[in-house]
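Enquirer: After the structure tokens below, expect a handful of questions from me.
Numbering (our numbering), first residue to last: 13 to 320.
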């Protein structure tokens, strides 16, 4: 149904009754792929296909995203904390019911997958063996409360106005824009791939999570998710002994060099793969370089004691 996505979907039912879709492909050391907004597990199709012969690849769709249930605001909070709780419940299920190991997990993080995954990692630091960071953040904006001037007006419109709500819900403008140059990609997406990225968000009631993710971006201490993001950022140093790969699409208009520089300042020993002709969806623009680099990183020996 979706090009390059020949995987078996699985569902985990949360205590709330909401069903979360995820992939659980292959055997071996576990690799957890966490997408952001407005993508879904389809983003990870190429690395999963390349790695599942050697690694157990787990890729959930956040509630409201991808093939997971899409509840209204009356059934789900759509906050960073709720996302972390969801992930904690899912990984607990995989460990207790589906035989996944308690430790040795590699986290592969993109966009909102960074704050979600690293907040979860701070709850369970001994479970994390390696980190792959792809155009994401897990700390407050290094620019402070400022949004880049080029993005300030569209960001305010999308986040804070009725026009923004119409663009999100009626016209799906955010998800559509992310599949186009220059907002999400620099390489033209094939029509079938673009359709697959957009397929879960086929009508207004299925687009609420996309809007709420943007509204939940914590820019200042008064924002609801600020305390959790700030605490996560303050706790990242405990992962300095873990092998880390930072791969970055340098043409990302939002998660730009200021965010990249902050990662490199905090983790100066990390491997670094700059991708100068890739945008935010760097796995679409530069998968020929990025997928082999992730595989090589996962196969490399870990330093003794890392993650212990």
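Virtual Cβ for every residue (Gly too), placed ideally from N, Cα, C.
Using C-beta distances below 8 Å, list every residue in its chain close to residue 303, excluding the 5 sequence neighbours before and after it, in chain order.
Expert: Closer than 8 Å at Cβ, skipping near neighbours: 58, 59, 62, 295.
Enquirer: From the DSSP output, which residues share a beta bridge with residue 259?
Expert: Note: residue 259 sits in a beta bridge opposite 146, 285.
Enquirer: Among 107, 102, 140, whose alpha-carbon lies nearest the alpha-carbon of residue 256?
Expert: Of the candidates 107, 102, 140, the one whose C-alpha sits nearest the C-alpha of residue 256 is 140.
Enquirer: Between 99, 248, 87, which has its C-alpha nearest residue 70's C-alpha?
Expert: Comparing Cα positions, the closest option is 99.
Enquirer: Span of the alpha helix (DSSP H) holding residue 109?
Expert: Where residue 109 is concerned, there is no enclosing alpha helix (DSSP H), given that its DSSP letter is neither H nor E.
Enquirer: By the 10 Å Cβ neighbour count, where 16 or more other Cβ atoms means buried, how is residue 144 classified, buried or exposed?
Expert: With 16 or more other Cβ atoms within 10 Å, it is buried.
Enquirer: Is the number of C-beta pairs between the region 219-238 and the region 82-94 that are closer than 8 Å three or more?
Expert: At 8 Å Cβ cutoff, the stretches touch.
Enquirer: Looking only at C-alpha atoms, which of 78, 38, 89, 43 sits nearest to residue 64?
Expert: Comparing Cα positions, the closest option is 38.
Enquirer: Suppose you measure from the CA of residue 272 to the CA of residue 293; what does that come to, to the nearest Å?
Expert: Each residue's Cα considered, the two are about 15 Å apart.
Enquirer: Do the region 120-134 and the region 26-37 touch if we need at least three Cβ pairs shorter than 8 Å?
Expert: Because the criterion of three Cβ pairs below 8 Å is not met, the region 120-134 and the region 26-37 do not touch.
Enquirer: So, using beta-carbon positions, are residue 197 and residue 264 closer together than 8 Å?
Expert: No. Outside cutoff.
Enquirer: Quick one: what does DSSP say residue 246 is sitting in, helix, strand or coil?
Expert: DSSP places residue 246 in helix when its eight states are reduced to three.
Enquirer: Quick check: what's the CA-CA separation for residue 43 versus residue 106?
Expert: Whole-angstrom Cα-Cα distance: 12 Å.
Enquirer: Could you tell me which whole beta strand (DSSP E) segments of length 3 or greater appear in the region 56-87?
Expert: Segments of the beta strand (DSSP E) lying fully in the region 56-87: 68-72.
Enquirer: Could you say which of 23, 194, 192, 188 lies nearest to residue 210 if we only look at CA atoms?
Expert: Among 23, 194, 192, 188, the Cα nearest to that of residue 210 belongs to 188.
Enquirer: Does the Cβ of residue 175 have 16 or more other Cβ atoms within 10 Å, making it buried, or fewer, making it exposed?
Expert: Residue 175 should be labelled exposed.
Enquirer: Name the DSSP beta bridge partners of residue 42, please?
Expert: Paired residue(s): 68.
Enquirer: Check whether the Cβ atoms of residue 95 and residue 122 sit closer than 8 Å, and answer yes or no.
Expert: No, they are not a contact pair.
Enquirer: Residues in the same chain with beta-carbon distance under 7 Å from residue 216, minus the five sequence neighbours each way, listed in chain order, please.
Expert: The answer, listed in chain order, is 181, 182.
Enquirer: Is residue 249 buried or exposed, if buried means 16 or more other CB atoms sit within 10 Å of its CB?
Expert: Label assigned to residue 249: exposed.
Enquirer: Among 279, 102, 208, 20, which one has its Cα closest to the Cα of residue 46?
Expert: Answer by Cα proximity: 102.
Enquirer: Measure how close the beta-carbons of residue 300 and residue 154 come, nearest whole angstrom, since I'm counting them as under 8 Å.
Expert: With 8 Å as the limit, residue 300 and residue 154 do not qualify as a contact, their Cβ atoms being about 30 Å apart.
Enquirer: Rank 20, 91, 17 by C-alpha distance to the C-alpha of residue 11 and give the top, closest one.
Expert: In the structure as shown, the chain starts at 13 and stops at 320, and residue 11 therefore has no counterpart that could be examined.
Enquirer: Determine the contact status of residue 262 and residue 280, defining contact as a CB-CB distance below 8 Å.
Expert: Cβ atoms of residue 262 and residue 280: not closer than 8 Å.
Enquirer: From which residue to which residue does the beta strand (DSSP E) around residue 22 run?
Expert: Here the beta strand (DSSP E) through residue 22 covers 21-25.
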